[in-house]
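Peer 1: Going by mature numbering (1 follows the signal peptide of the UniProt record, and there is no 0), the letters in the sequence shown line up with residues -26 to -1, 1 to 513, in that order. The beta carbon of each residue, even a glycine, is placed where N, CA and C say it ideally should be. Before I ask anything, here is the structure I am working with.
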Amino acid sequence: MPKTHHYTVIVAVLLLALGSLQKSSRLSDGIANIYGYTEVVPETTNQYEAIPTKLDSDGEVVPQSSQSEADGTYLDSDMEDARETSQSAAIPDSDEHSDEDEVASPANHSEANVTELDSDEDSDEDSDEDSDEGSDEEVASETSQSEVNATELDSDMEVAGEKMSQSSEGSFAYVYLLGGVDPDKPKTYLGFLYNVFASTFILRDDGSKADVVVYLQWKDPDKNNTLRESENRVLKEMNITLKIRSLSKTNDHFFERLMMEKFNLWNMTEYERIMYLDADVMPLCNLDYIFHSSKGPNAFIKPNMIFPGIRVPANGGAFLLEPSTKDYERLQFLIDQRFNQSWDKIRGWGRAIEPNETWFNFDGTTKGNNWDFYAAHVDQGLLWHWMRYEIGNFTAPYPYPDGKDFKNGFNRSHAVIQNWSGGKLESTKSFNFSQYSCLPRHWEKKNLRFVQRPWFKTSLYWYPFHSDIIHFMEKTKPWLIEPPPLEKLFDRSKARDGTRYWFYALKEVDRLYNLGVDWSSFGKGMKVAHTKPRTKNVT
């Protein structure tokens, strides 16, 4: 090969590496701002303690001399969210907008914005498979090393010498909401119901003991509505509790009030903890460890937890809550009060955000002091207001910095846990989730991206608890696309991304419970195949 060709290849490789480093640098700068790597917030601007850059072997703060007296900026975050319109079966929820979009106003919120996944997640599957097969040995070696590193800080899941409580006492539930269901039009709900079935299979197959509850609202409550025989049967056989909730038809903020239905979960006092999940959110493994880590004398997180996200301070698509009749009544009061007056981007849900109360997203690249983030006037705004200003006792997880540099990203098995009490930052500790959360991640040098073996190649979130769920946004919903060859979905280890894992789980539900999935209808509008009832239960 001529020398000029060699030079061309070298230059191209260098440019590719430089672009990746610049992208990583932008992310690093955001994290650095939060964790205090490069910027020290003036003492007079904030009453909250800085997030530490170093933690000792017990997860305690080791302050740097340059920051020992500085107060950091308050941080909390969202998780990116995209939801359906009022015609879809998922309870309408707030979509995060792109950077170019204006924040949706209450008067113009009838359509959900489409949020696209990172281009890495949309890469060609065939080329990905070839790449994976050619580097299995390297991947196995790197993954093994990642797992070793992940256990260094807290291999026994110990915090300050005490193990996290694993008590099975109490009652827990995962709760989904399906709204606008029209039994005569399966496409209004079937994909979301399939997601509940697939998610329940994943949870139970991985050992979950918690209940799964589905709240369903009919599009026309005056009709004689019922789900199909096969759907009711599978709900019963999978031990999924179905609750029908009526919603009065009114023109008074009807769509927005529909989005607030999730706050009725605080009235489910038969449970000690509830994990709410949007109807297009799928767990990647058993999430019961989140319930257990919030209980007992050695509880590591609070009974209420929000998920930091991409552009807002609280995500309405997934959160942990402790039911309470008193809290439920207060939330209903706030909702009624909110819809009885026009939306104020300064006072929000009842108070302005002070200069020392700046909210941050999960990596520090988005922040604000007004109620102007996406869906601030509906679910995500109320969730943030409730956690931050009403109860003031909650947990928020953030990525764990390596403490050296960012060339290899973050420790994918650890997270930094912020616990708040009485509206003030109570503690900031690291925690090793490698024994409880889904598979740890590692940095794939060849493709310059985060990957997780064997299931998931990329994710918008690479640290616990975020990395243990996947949100299928608008066009990425599996039921809106053509499924992969079903003969290849015989083992979950072959499901190398979230979409294939979803299809694998649904195929197993169809096989075990004779659900009657019409696989040819995916991407063309959901249909239902006619099936015969099963003659015996599957154990």
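Whole angstroms is fine: what's the gap from Lys276's alpha carbon to Ile320's?
Peer 2: Looking at the two C-alpha atoms, the distance is approximately 29 Å.
Peer 1: Among the residues of its own chain, which have a CB less than 7 Å from the CB of residue 547, if the five just before and after it don't count?
Peer 2: Here the chain covers residues -26 to 513 and nothing more, so residue 547 does not appear.
Peer 1: Across the stretch 251 to 262 and the stretch 161 to 179, are there enough close Cβ pairs to call them in contact, namely three or more that are closer than 8 Å?
Peer 2: Cβ pair count under 8 Å is three or more, so yes.
Peer 1: Between which residues of its own chain and Met234 is the CB-CB distance below 8 Å, once the five residues before and five after are set aside?
Peer 2: Within the same chain, Met234 has close Cβ partners Ile309, Val352, Asp353 and Leu356.
Peer 1: If I follow the unbroken alpha helix (DSSP H) through Asp310, where does it start and stop?
Peer 2: Here the alpha helix (DSSP H) through Asp310 covers Thr299 to Phe313.
Peer 1: Could you please give the first and the last residue of the uninterrupted alpha helix (DSSP H) stretch that includes Gly355?
Peer 2: That run of the alpha helix (DSSP H) goes Asp353 to His359.
Peer 1: Just grab the DSSP bridge partners of Asn406 for me.
Peer 2: In the DSSP output, where bridge partners are listed per residue, Asn406 has His388.
Peer 1: DSSP puts Arg247 in a beta bridge; with which residues?
Peer 2: According to DSSP, which records beta bridges pairwise, Arg247 is partnered with Phe146.
Peer 1: Less than 8 Å separating the Cβ of Ser145 from some heavy atom of the ligand ADP?
Peer 2: Among the ligands in the structure shown, none appear at all, so the ligand ADP cannot be discussed.
Peer 1: In the structure shown, what three-state DSSP assignment does Tyr348 receive?
Peer 2: Three-state DSSP puts Tyr348 in coil, outside helix and strand.
Peer 1: Count the other CB atoms, across all protein chains shown, that sit within 10 Å of the CB of Asp158; report buried if there are 16 or more and exposed otherwise.
Peer 2: Its Cβ having fewer than 16 others within 10 Å, Asp158 is exposed.
Peer 1: Can you tell me which of the three DSSP states Asp185 falls into?
Peer 2: Of the three classes helix, strand and coil, the one that applies to Asp185 here is strand, per DSSP.
Peer 1: Please look up how many angstroms separate the CB atoms of Lys210 and Tyr189, rounded, as I've assumed it's under 8 Å.
Peer 2: Between Tyr189 and Lys210 the Cβ distance is about 17 Å, and since that is not below 8 Å, they are no contact.
Peer 1: Once DSSP output is grouped into helix, strand and coil, what is the label at Thr174?
Peer 2: Thr174 falls in the helix class under three-state DSSP.
Peer 1: Looking at Trp358 and Asp318, is the spacing between their C-beta atoms short of 9 Å?
Peer 2: It is not a contact, given that the beta carbons lie outside the stated cut-off.
Peer 1: Mind checking Phe477: buried by the 16 CB within 10 Å criterion, or exposed?
Peer 2: By the neighbour-count rule (16 or more Cβ atoms within 10 Å), Phe477 is buried.
Peer 1: If you compare alpha carbons, which of Lys197, Leu294, Asn198 and Asp252 is closest to Asp245?
Peer 2: The sequence as given places Tyr at residue 245; Asp does not occur at that position. The residue with the shortest Cα to Cα distance from Tyr245 is Leu294.
Peer 1: Looking only at C-alpha atoms, which of Gly396, Glu448 and Ala479 sits nearest to Lys462?
Peer 2: Of the listed residues, the one whose Cα sits closest to Lys462 is Ala479.
Peer 1: Which of the three DSSP states, helix, strand or coil, is assigned to Met212?
Peer 2: In the structure shown, Met212 sits in coil (DSSP, three-state: anything other than H, G, I, E or B).
Peer 1: Run through the DSSP bridge pairs and tell me what Lys217 is partnered with.
Peer 2: Looking at the DSSP assignment, Lys217 forms a beta bridge with Tyr189.
Peer 1: I'd like to know whether the C-beta atoms of Phe407 and Met249 end up nearer to each other than 9 Å.
Peer 2: Contact: no.
Peer 1: For Gly154, which of Asp465, Lys481, Gly490 and Asp196 has the nearest alpha-carbon?
Peer 2: Nearest option by C-alpha distance: Asp196.
Peer 1: Asp379 by DSSP, collapsed to three states: which one?
Peer 2: Legend: pLDDT at Asp379 = 33, less than 50; position of this residue unreliable, value from coordinates given subsequently. Three-state result, Asp379: coil.
Peer 1: By Cβ distance, which residues of its chain are closer than 8 Å to Thr200, with the 5 residues on each side in sequence left out?
Peer 2: Answer for Thr200: Pro157 and Asn206, listed in chain order.
Peer 1: Run through DSSP, which three-state label would Ser267 get?
Peer 2: Residue state, collapsed to three classes: coil.
Peer 1: Can you tell me the Cα-Cα spacing of Lys300 and Tyr363, whole angstroms?
Peer 2: Those two C-alpha atoms are separated by around 16 Å.
Peer 1: Just to confirm before moving on: does the CB-CB distance between Asp337 and Ala292 stay below 9 Å?
Peer 2: No. Outside cutoff.
Peer 1: Which residue wins for smallest C-alpha separation from Met212, given the options Ser411, Leu489 and Gly497?
Peer 2: The candidate whose alpha carbon is nearest that of Met212 is Leu489.
Peer 1: Can you look up Met256 in the DSSP assignment and give me helix, strand or coil?
Peer 2: It is a strand residue.
Peer 1: Following the continuous alpha helix (DSSP H) through Ala292, name the residue where it begins and the one where it ends.
Peer 2: Careful: Ala292 lies outside any alpha helix (DSSP H), inside the beta strand (DSSP E) at Ala292 to Leu295.
Peer 1: Just grab the DSSP bridge partners of Ala370 for me.
Peer 2: Paired residue(s): Gln392.
Peer 1: Are the CB atoms of Ser411 and Val390 nearer to each other than 9 Å?
Peer 2: Against a cut-off of 9 Å, the Cβ pair of Val390 and Ser411 comes out as no contact.
Peer 1: How big is the Cα-Cα spacing for Ser268 and Ser298?
Peer 2: Distance between the alpha carbons of Ser268 and Ser298: 16 Å.
Peer 1: Can you give the Cα-Cα distance for Asp465 and Gly342, rounded to whole angstroms?
Peer 2: Going by the C-alpha atoms only, they are around 45 Å apart.
Peer 1: Output yes or no for whether 9 Å exceeds the beta carbon distance between Gly497 and Ile444.
Peer 2: Cβ distance not < 9 Å, so Gly497 and Ile444 don't count as in contact.
Peer 1: How about Val186 and Tyr163: do their beta carbons lie closer than 9 Å?
Peer 2: For Val186 and Tyr163, no; Cβs fall outside 9 Å.
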